[in-house]
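This report refers to the structure that appears directly beneath it.
There are 2 protein chains.
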Amino acid sequence: MADLTAPAATDQKPASGDRAARQDEPIWDIIELLFFAYRDFVTEADDVLAKFGFGRAHHRVLHFVNRNPGMKVAELLDILKITKQSLGRVLKQLVDQGYVIQKEGANDRRQRLLYVTAKGESLAMKLAGLQTARVAHALSELGPNAHEAARRFLVAIVDADNREGVLRFIARADRARRQRS
Amino acid sequence: MADLTAPAATDQKPASGDRAARQDEPIWDIIELLFFAYRDFVTEADDVLAKFGFGRAHHRVLHFVNRNPGMKVAELLDILKITKQSLGRVLKQLVDQGYVIQKEGANDRRQRLLYVTAKGESLAMKLAGLQTARVAHALSELGPNAHEAARRFLVAIVDADNREGVLRFIARADRARRQRS
DNA sequence: CGAAATATGTCAACATGGCTGACCTAACTG
DNA sequence: CAGTTAGGTCAGCCATGTTGACATATTTCG
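Protein sequence lines correspond, in order, to chains A and B.
Numbering-wise, the first sequence is residues 1 to 181 according to the numbering used here.
Numbering-wise, the second sequence is residues 1001 to 1181 according to the numbering used here.
Encoded structure:
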């Protein structure tokens, strides 16, 4: 099993299971599985969105507004990491078609705080339900702490610079949601 | 800290750690982390590609051809799940600029088997190196079996229909690579 | 052998969703 | 009041996905 032709000094532990990770060899499996998993993760939602005349960009906006009602446009731009022109295009359609509404900020009247309508929430929850079913099914095939393991792995893949913001967003949205329910 | 206003009847086991997963509540954290993780996972490579005048689509083609030298066009289409017209556009550029070459199949002369050139391999390995660094760093922050846990989670997210094919692809490419080295 | 199936390539047109650059209004802040 | 900030908008470009139609070479099968 050990590669006897390798210089002894570079001897290396097996990384996981029986897959030996040779020195400097890319971590092919995770790289590729991120592609395959993400590809399949989004397609189901895409199919539903297509029936509404929406695309993936609409989904993202709707998702994050639903998760964080009253969020500012600037916050949404920061999460999506796109330009306000790109956001404007899809946001306008969501507003025009009654999925999202904008309310003037109470303190700062320049702000247009974003909220989903009942219709918007319904679609957002439907899409979240599809993705949840996939994730729940996946986690159910794995061990009892698979959720925590997956969460920690994904957080560690996020840019160090963004990590704090991402975790803060999730925690804040969770907290707000618990209060509402 | 506990939400004392919540109705007692809906009390639910904690799913993982201290995050209570209520009945029918979407698995927000994993859904969102897949978005954030994937977003950050690809941007570094995108930046390098931009300097070469390439995009994410070129990356995928180059990556999979590098991983599976001699693969058929049809196999690549099946992996990427795009149309041959979409593939054709980027493949042509990669061939014209000397990153990929096509060889007539020995058995079936209709086939155009795909190989990376030295130049193509160099770029593919550079990009894989960037992504590997991110993954390796992430895994190093986690426990010793994090690689296996991440792998199993990602495989479980893949469509059941595709799972076998994906695993076969990875195993085949790994095997071929080991033989070459 | 000849017909049909297969592997691949290509043209044209279109949709989505990124981007830059320029410019605008309304409202807040010092 | 001057300058900054939050947000919107117009115009145009680019990358990458789609459909549909069709062409060419090669293999396979009756």
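Idealized CB from N, CA, C, for every residue including glycine.
Boundaries around Ile1101 (chain B) are those of the beta strand (DSSP E), Val1100 to Glu1104, since no alpha helix (DSSP H) includes it. Counted as a single uninterrupted DSSP element, the stretch harbouring Val95 (chain A) is not any beta strand (DSSP E) but the alpha helix (DSSP H) occupying residues Lys84 to Asp96.
Per DSSP, Arg1056 (chain B) is one residue of the alpha helix (DSSP H) stretching across Arg1056 to Arg1067. In the DSSP assignment, Leu142 (chain A) falls outside any beta strand (DSSP E), carrying neither H nor E. Of A:Phe52, A:Trp28, A:Ile27 and A:Arg56, the smallest CA-CA separation from Phe41 (chain A) is found for A:Arg56. Leu1154 (chain B) is not bridged by DSSP to any residue. For Gly105 (chain A), the closest of A:Tyr115, A:Phe153 and A:Asp96 by C-alpha to C-alpha distance is A:Tyr115.
Short of 7 Å from the beta carbon of Ala1124 (chain B), and not among the five residues preceding or following it, lie these beta carbons of its own chain, in chain order: Leu1062, His1063, Asn1066 and Val1116.
Under the three-state reduction of DSSP, Arg110 (chain A) is assigned to coil, being neither helix nor strand. For Ala173 (chain A), same chain residues with a beta-carbon under 7 Å away, outside a window of 5 residues either side, are Arg67 and Asn68 in chain order. Around the beta carbon of Pro26 (chain A), 16 or more other beta carbons lie within 10 angstroms, which makes this residue buried. Taking the Cβ atoms as the reference, Phe153 (chain A) lies roughly 6 Å from Leu1142 (chain B), within the contact range of under 8 Å. By the neighbour-count criterion, in which 16 or more other beta carbons inside 10 Å mark a residue as buried, Ala1146 (chain B) falls on the buried side.
By a beta-carbon distance limit of 8 Å, Leu33 (chain A) contacts Val1155 (chain B). Their separation comes to about 6 Å. Residue-level contact by beta carbon holds for Arg151 (chain A) and chain B, with a gap shorter than 8 Å. Checking the DSSP bridge columns, you'll see Met1071 (chain B) partnered with B:Leu1114.
Under the 8 Å criterion on CB atoms, Ala1074 (chain B) is classed as non-interfacial with respect to chain A. When the Cα atoms are used, Thr1043 (chain B) and Arg1134 (chain B) turn out to be separated by approximately 11 Å.
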